[in-house]
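This report concerns only the one structure given below.
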Amino acid sequence: MSRSALIYTALAAIAIAAVGYVALRDPAQHVAATPANHAALERLRDGTMKKLAFHPAPKEAGKAAYDTAEGGKATLADHAGRYVLVNFWATWCAPCRKEMKGLSEVQAEFGGERFEVLTIATGRNMPAQMKKFFDEIGVDNLPLHRDPTQGLAREMGVLGLPVSVILDPEGREIARMVGDAEWNSESGKAIIRALIDGS
């Protein structure tokens, strides 16, 4: 074997060993939802989840601040480190009411260190109306955040409601759903589970 071939073989072995070391060091490390594994995720779409579109490459998320339920300010970047299902909604939006209970169920089942549902009411939504909306449909585990000036919604290209986007742990948009969907369906849960598990 030539010297160059030996060097190439040695470098390849080092690279393989490095990958193996990382996997052993942190077996829970997520696998990014890259175009290479989008096909597997797309195969999980069924019913209303067929409207979920995975992007060919991750997109930069909006940087505008929104108003937190506690009266402070936050940005999407504050949620980096986990997959985030960001749902833009409004109190006057009938499809939003239809899908919110499903989002609540998904948060109850999967919410934690690796996933969360982030609900942001965009436009003119008064806090009292938002709370009444959640109370009427029995949702108590989703945040009552607001985007009153629609700054974040405009930056994210939200033209109608509801719109949901999935952010990867690096805070980039990897998928988008326009319109309501049954996130708590078998298909919706399978997609979320696959993202969390690194499929």
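Mapped onto the working numbering, the consecutive letters of the sequence shown carry residue numbers -13 to 185.
Glycine included, each C-beta is placed from N, C-alpha and C at the ideal position.
- Three or more pairs of CB atoms, one per stretch, sit closer than 8 Å, so the stretch 30 to 39 contacts the stretch 162 to 169.
- M163: member of the beta strand (DSSP E) spanning 158 to 164, first to last residue.
- Distance between V151 and N73, taken at the CA atoms: about 7 Å.
- In chain order, D166 place their CB closer than 7 Å to the CB of K84, counting only its own chain and leaving out the 5 sequence neighbours on each side.
- Sequence-distant partners of E159 (beyond 5 residues in either direction) whose C-beta falls short of 8 Å from its own C-beta, in its chain, are H41, P44, K45, E46, A47, M142, V151, I152, L153.
- By the 16-neighbour rule on beta-carbons within 10 angstroms, W78 is exposed.
- Using a Cβ distance threshold of 7 Å, G137 and A50 count as a contacting pair.
- By alpha-carbon distance to L71, the top candidate from T135, G98, G57, P134 is G98.
- Our two residues, A63 and E122, have alpha carbons roughly 31 Å apart in a direct line.
- Closest in alpha carbon position to A55, among S173, A39, T105, is T105.
- In this structure D133 is buried. Its beta-carbon is surrounded by 16 or more other beta-carbon atoms within 10 angstroms.
- With 16 or more neighbouring CB atoms inside 10 Å of its own CB, E91 falls in the buried class.
- The straight-line gap separating the alpha-carbon atoms of I182 and E156 is approximately 14 Å.
- Per DSSP, the unbroken beta strand (DSSP E) holding S150 starts and ends at 149 to 153.
- Boundaries cannot be given for A167, as no alpha helix (DSSP H) includes it and DSSP labels it neither H nor E.
- Under the three-state reduction of DSSP output, A47 falls in the coil class, being neither helix nor strand.
- Ranked by Cα distance from A94, the first of G58, V125, S173 is V125.
- The beta carbons of F96 and R68 sit about 10 Å from each other, so the pair does not count as a contact at 8 Å.
- Secondary structure note for D133: its beta strand (DSSP E) is the uninterrupted segment 131 to 133.
- Sorting K87, A76, I178, G174 by C-alpha distance to the C-alpha of L145 places A76 at the top.
- Scanning the stretch 50 to 119 from its first residue to its last, the whole beta strand (DSSP E) runs of 3-plus residues come out as 69 to 75, 101 to 108.
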